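One structure is given below, encoded as structure tokens.
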Amino acid sequence: MSWLLRIDPLTKGVWLLSTGLAVMISMKVEWQAGWFLAILLIALSGSGWTAQRWRLVSLWIGGFALPLLLFQWLVLPGDTPWLTAGKLTLTREAGLQSAALTLRAMTLFLSSLVYAGTTAPRDVVLAMSRYLRLPDRFAYAAAIALRFVPILLAETARIRHAERLRRLVPPHSMAERLERLQRVLAGAAAHTLRRVQDIATAMEAKRFGAAPRTYRRQLIFAAPGIGLALASVLGAAATWWCG
């Protein structure tokens with residue numbers, strides 16, 4: 000079992016919130032790149048994801064990061080010309096700012112995926128209900144949201160595998176690739192929403208939150224989790240102070 004799976008959701012939540020706060024504070028490319036590399040290192044060493052899942056996550060990140068980078072580079076203002084193609088001029092200031100904003104989005108996306116993929120929903124319910132004293136409905140809603148990401152990843156992989164089995168000739172043009180991607184995402188989203196609706200219906204049938212609950216499970220606040228939370232808080236403080 001990877002070390003992130005053994006960390007409780009509370010200290011892991013401190014890490015997630017500190018990471019989000021840190022990347023929202025600074026607009027320097029160096030700090031944004033540092034935080035993204037730190038999250039990437041944590042994910043590579045502690046998530047326990049397979050190579051197939053990493054390929055899928057890489058496609059997701061690259062699929063929105065590259066268009067976001069190019070779009071912001073085109074629309075953001077700047078004074079120092081960097082690249083010129085005909086009437087189109089890309090400036091250095093716009094390039095650095097668009098890179099910082101893109102790295103921020105990539106860090107937020109990857110850290111959220113890591114949290115959702117390495118945290119058991121029942122532990123989130125336990126942490127919110129027993130330790131944070133939040134209402135059961137709020138806790139179970141968060142648990143359903145966490146279930147959405149792993150189900151979506153698994154369903155997307157299953158549909159992509161079925162598409163490869165049915166299609167003898169792989170897509171070549173960009174239009175064919177976009178059409179295939181649209182079918183995969185639409186099918187995965189529809190199936191995942193049905194799964195989440197079934198879970199919500201079952202929870203309503205069991206009348207969750209209608210009476211006080213007892214919990215047999217207990218969270219273990221291990222040293223790696225406390226160290227991760229402390230390091231992320233110190234990193235966010237350093238970003239606020241120096242970034």
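In terms of numbering that gives the first Met the number 0, the sequence shown has 206 at position 207, counting the first letter as 1, and numbering is strictly consecutive.
Just so it is clear, CB atoms sit at the ideal spot from N, CA and C, and this is done for glycine as well.
Just so you know, these numbers come straight off a predicted model, no measurement behind them.
Same chain, Cβ closer than 8 angstroms to residue i, neighbours up to 5 away in sequence not counted
i, result
"Thr83", "Leu89"
"Met127", "Leu133, Phe137, Ala138, Ala141"
"Ile225", "Thr10"
Backbone secondary structure at residue i - three-state DSSP
i, result
"Leu89", "strand"
"Pro149", "helix"
"Ala98", "helix"
"Ser1", "coil"
"Gly47", "coil"
"Asp197", "helix"
"Asp7", "coil"
"Ala156", "helix"
"Gly62", "helix"
"Thr18", "helix"
"Ile219", "coil"
"Thr191", "helix"
"Leu180", "helix"
"Val13", "helix"
"Thr106", "helix"
"Met26", "coil"
"Arg132", "coil"
Beta-ladder partner(s) of residue i, from DSSP
i, result
"Pro80", "Thr90"
Chain-order list of residues whose beta-carbon lies under 7 angstroms from that of residue i (same chain, five-residue window excluded)
i, result
"Trp240", "none"
"Ala228", "Thr10, Val13, Trp14"
"Pro76", "Ala93"
"Asp122", "Asp7, Pro8, Leu218"
"Ser46", "Ser1, Leu3, Val113, Gly116, Thr117"
"Arg159", "Val183"
"Trp34", "Thr18, Ala21, Val22, Thr106"
"Ala235", "Ser17, Leu20, Ala21"
"Phe220", "Asp7, Thr10"
"Trp81", "Leu89, Thr90, Arg91, Gly94"
"Ala32", "Leu102"
C-beta contact flag for residue i and residue j at 8 angstroms
i, j, result
"Leu9", "Tyr139", "no"
"Val113", "Leu184", "no"
"Met23", "Ala99", "no"
"Ala156", "Gln51", "yes"
"Leu164", "Leu55", "no"
"Ala104", "Leu69", "no"
"Ala201", "Ile143", "no"
"Trp30", "Thr191", "no"
Residue span of the alpha helix (DSSP H) that contains residue i, given as start and end
i, result
"Pro120", "120 to 125"
"Thr238", "222 to 241"
Spatial neighbours of residue i in its chain, beta-carbon cut-off 6 angstroms, leaving aside the 5 residues before and after
i, result
"Gln96", "Leu75"
"Ile38", "Thr106, Leu109, Ser110"
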